[in-house]
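Numbering (the UniProt record's numbering), first residue to last: 1 to 297.
Read the structure below first, then the notes.
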């Protein structure tokens, strides 16, 4: 069943939208989310939303990215929400996040401000993005021109892990092919090495055209013709290594950016402006400006 959580606290719709994806995805969610789902199993959407706000671990992660004012707002809201208050939802005037997912053969809209998930259209895992496109387009076109700005974000698998495995597979196959080019092996040994190499490539979803041509030449005993195929395989491995290095740099930059987002600059800015005002480096705009007296001759 689709897991739905109502938004009963302010300034949490971004976190709620992300959790809506993670709660309904077939992934390893980790202990924090698994324990939360186990505890709230069978809860109403509103009660699950209250539990979400009261989860210390989830709130700590959320607060790391939230402003101090938003954290206070969140605490005030929670103190006014009752578990029996099954129809009270938070109004959001500025920004709001809505999740679209594919589950159980349908596209679902998960909006924390609604009472339940909305079944949009029938689909499957392969075509659901095409099914949801016109829904998103209609939603964006329904607002008055220039009234709202929309942003689309997707939760996807991290490609770095899969690409790392592919690069490792390339290295293993290159080691095998280089051994075959350097040494002479019996036919049964060559057959075993070929099967191993092809299996490694298949398990990691790597195109096998170059490696198949390589083994075709090796089977014919033509190592000279097989050499360029091995070099083509090597170039593919080097290109993948370059992509991995670029991804690694992007991940490091993203990590630095996340640390900046999580750092609370408010005390520093407050102290800086206070000192600047004390030392008369800033003017109090609430006070009327004094007119300079005209000099008399």
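Just so it is clear, CB atoms sit at the ideal spot from N, CA and C, and this is done for glycine as well.
Check                                                                                                                                         : Outcome
Return the CA-CA distance between residue 95 and residue 151, expressed in angstroms with no decimal places.                                  : 11 Å
Thinking C-beta only, is residue 253 closer than 9 Å to residue 164?                                                                          : no
Need the endpoints of the alpha helix (DSSP H) that residue 122 sits in, please.                                                              : Per DSSP, residue 122 belongs to no alpha helix (DSSP H); it is in the beta strand (DSSP E), 118-122.
For the beta strand (DSSP E) holding residue 109, just list the boundary residues, first then last.                                           : 106-110
Anyone know if the C-beta pair for residue 229 and residue 257 falls short of 9 Å?                                                            : no
Taking the alpha-carbon positions, what's the residue 14 to residue 100 distance?                                                             : 13 Å
Is residue 183 helix, strand or coil by DSSP?                                                                                                 : coil
Determine the contact status of residue 177 and residue 239, defining contact as a CB-CB distance below 9 Å.                                  : no
From this set, 202, 62, 141, which residue's C-alpha is nearest residue 263's C-alpha?                                                        : 62
Under 9 Å between the Cβ atoms of residue 24 and residue 8?                                                                                   : no
Since residue 101 sits in a beta bridge, which residues does DSSP pair it with?                                                               : 108
Would residue 278 be called buried (16 or more neighbouring beta carbons within 10 Å of its own) or exposed?                                  : exposed
Taking the beta carbon of residue 45 as the centre, do at least 16 other beta carbons fall within 10 Å, making it buried, or is it exposed?   : buried
Quick check: the Cα distance between residue 212 and residue 185, rounded to an integer number of angstroms?                                  : 18 Å
Would residue 65 be called buried (16 or more neighbouring beta carbons within 10 Å of its own) or exposed?                                   : exposed
If you follow the alpha helix (DSSP H) that residue 217 is part of, which residue opens it and which one closes it?                           : 209-219
Report, in whole angstroms, the separation of the C-beta atoms of residue 5 and residue 49, which I expect to be a contact under 8 Å.         : 5 Å
If you count every other CB in all the chains shown that lies within 10 Å of the CB of residue 221, and 16 or more means buried, which is it? : exposed
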